[in-house]
Amino acid sequence: MRMDTGRILATLRDRDLVPDQCQAAFLVGSTARGWSNKKSDLDICVVSAEPWSFPDSVEVAVSLEPDVVHWHTFHADNRDWDLAYWVDAQVDQMLTKISWAEYDQVRATSNDVLPPREESFLGRIATCVPLIGEDWVARRRAELDASAFRSVLVTRSLGAADRAIEDGLGQLADGDLHSAVISARLAYGHTVDALLEERGEYGSYHFKWRPRRFQAAQPEALTFDEYWAVETMRDFDPDDPKKWINKVLTACQDLALKVKV
4 MRMDTGRILA TLRDRDLVPD QCQAAFLVGS TARGWSNKKS DLDICVVSAE PWSFPDSVEV
64 AVSLEPDVVH WHTFHADNRD WDLAYWVDAQ VDQMLTKISW AEYDQVRATS NDVLPPREES
124 FLGRIATCVP LIGEDWVARR RAELDASAFR SVLVTRSLGA ADRAIEDGLG QLADGDLHSA
184 VISARLAYGH TVDALLEERG EYGSYHFKWR PRRFQAAQPE ALTFDEYWAV ETMRDFDPDD
244 PKKWINKVLT ACQDLALKVK V
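Every number in our numbering is 3 more than the matching position in the sequence shown, counting from 1.
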């Protein structure tokens with residue numbers, strides 16, 4: 004769907020939703036990527052120098068200082084608008100967590116670096132559409148590109164894939180085929196996420212957009228048809244699940260070797 008950024012910004016200003024100390028406001032999510040539909044929400048992040056809240060905003064806890072992000076939702080132009088109000092210092096703290104100085108492969112493998120909300124925020128900076136503060140967005144994108152963010156996420160996804168592969172092999176050996184099928188699917192999803200993250204396509208927590216992210220990333224190690232065949236279990240035979248499980252787990256192991264951390 005086409006978007007009118009001028010109208011979006013005007014709506015925010017008309018509702019007094021832009022803080023006086025606003026440093027940036029940017030559209031994120033499906034609308035920013037051109038993937039939205041008529042029922043899609045408008046997701047907007049606002050960053051200011053000081054904490055800002057609206058009378059009916061909701062506080063969402065984060066592992067930063069300040070330790071909350073204020074969330075405000077309203078309905079306009081036949082859709083819901085979701086606004087998240089961050090503080091610039093919180094962005095500094097998130098970037099510190101993913102600096103090369105702080106990079107630890109063990110912590111990254113165990114997914115102990117960034118909570119999902121923080122990871123999602125940083126990943127969306129790369130693809131957002133600025134409404135206010137283009138210079139701020141450009142500076143933060145450059146800082147993100149220079150950080151260990153990509154390596155942290157790739158390492159995390161490969162670690163999750165490896166754990167799911169081990170689960171699947173153990174379940175398969177024990178004859179627990181139903182569980183092994185689920186583990187194989189999980190392993191494949193994490194492996195594909197690693198391929199996409201390697202190419203700068205983040206957002207693995209938003210599972211529904213994996214096909215779109217794949218098409219945007221176009222990884223060399225896997226074609227879309229090959230990916231989609233496994234994602235949709237095209238070749239799965241319920242009378243012989245072992246064949247599919249083994250094929251998928253082997254594919255995960257082979258693909259993982261082609262991913263650069």
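Idealized CB from N, CA, C, for every residue including glycine.
Original post:
If you run the structure through DSSP and keep just helix, strand and coil, what is histidine 75?
Top reply: Numbered from its first residue, the sequence shown carries residue 75 at position 72. In this structure, histidine 75 counts as strand in the three-state DSSP scheme.
**OP:** List the whole-angstrom C-beta distance separating leucine 198 from leucine 156, where the pair is believed to meet the contact cut-off of C-beta under 8 Å.
**Re:** Reading the sequence shown from its first residue, position 195 is the one you call residue 198. Reading the sequence shown from its first residue, position 153 is the one you call residue 156. The C-beta distance from leucine 198 to leucine 156 rounds to 11 Å, too long to meet the 8 Å contact threshold.
Subject >> Distance between cysteine 131 and glycine 32 (C-alpha atoms, nearest Å) >> reply: Taking the sequence shown and counting its residues from 1, the one referred to as residue 32 is at position 29. Taking the sequence shown and counting its residues from 1, the one referred to as residue 131 is at position 128. Computed Cα separation, rounded: 8 Å.
Original post:
Skipping 5 residues on each side, what residues in its chain have a beta carbon closer than 6 Å to that of valine 61?
Top reply: Counting from 1 along the sequence shown, the entry for residue 61 is found at position 58. Here the set comprises Trp74.
Subject >> Span separating the alpha-carbon of tryptophan 89 from that of proline 54 >> reply: Locating residue 89 in the sequence shown gives position 86, where the first residue counts as 1. Locating residue 54 in the sequence shown gives position 51, where the first residue counts as 1. Approximately 7 Å, taken between the alpha carbons.
Original post:
Hey, glycine 171 and serine 186: beta-carbon distance below 8 Å or not?
Top reply: Taking the sequence shown and counting its residues from 1, one reaches residue 171 at position 168. Taking the sequence shown and counting its residues from 1, one reaches residue 186 at position 183. For glycine 171 and serine 186, yes; Cβs fall inside 8 Å.
Subject >> Residue burial classification, tryptophan 247 (beta-carbon count within 10 angstroms, cutoff 16) >> reply: Counted from its first residue, the sequence shown places residue 247 at position 244. That one is buried.
Original post:
What do you reckon, are the CB atoms on arginine 213 and valine 195 nearer than 8 Å?
Top reply: As a position in the sequence shown, residue 213 is number 210, starting the count at 1. As a position in the sequence shown, residue 195 is number 192, starting the count at 1. Cβ atoms of arginine 213 and valine 195: closer than 8 Å.
Original post:
To the nearest angstrom, how far is it from the Cα of valine 140 to the Cα of glutamate 169?
Top reply: For the purposes of this step, residue 140 is taken as residue 137 along the sequence shown, with counting starting at 1. For the purposes of this step, residue 169 is taken as residue 166 along the sequence shown, with counting starting at 1. Cα to Cα, valine 140 sits roughly 41 Å from glutamate 169.
Subject >> Reference aspartate 257, options Val116, Leu98, Thr235, Ala190, closest by Cα >> reply: Locating residue 257 in the sequence shown gives position 254, where the first residue counts as 1. Measuring from the Cα of aspartate 257, the nearest candidate turns out to be Ala190.
Subject >> Residues of its chain near tyrosine 208, where Cβ-Cβ distance is below 8 Å and the 5 sequence neighbours each way are ignored >> reply: In the sequence shown, residue 208 corresponds to position 205, counting from 1. Hits under 8 Å: Pro119, Glu122, Ser123.
Subject >> Residue closest to aspartate 76, alpha-carbon to alpha-carbon, out of Val116, Leu20, Asp238, Ser150 >> reply: For the purposes of this step, residue 76 is taken as the residue at position 73 of the sequence shown. The displayed chain sequence assigns threonine, not aspartate, to residue 76. Among Val116, Leu20, Asp238, Ser150, the Cα nearest to that of threonine 76 is on Leu20.
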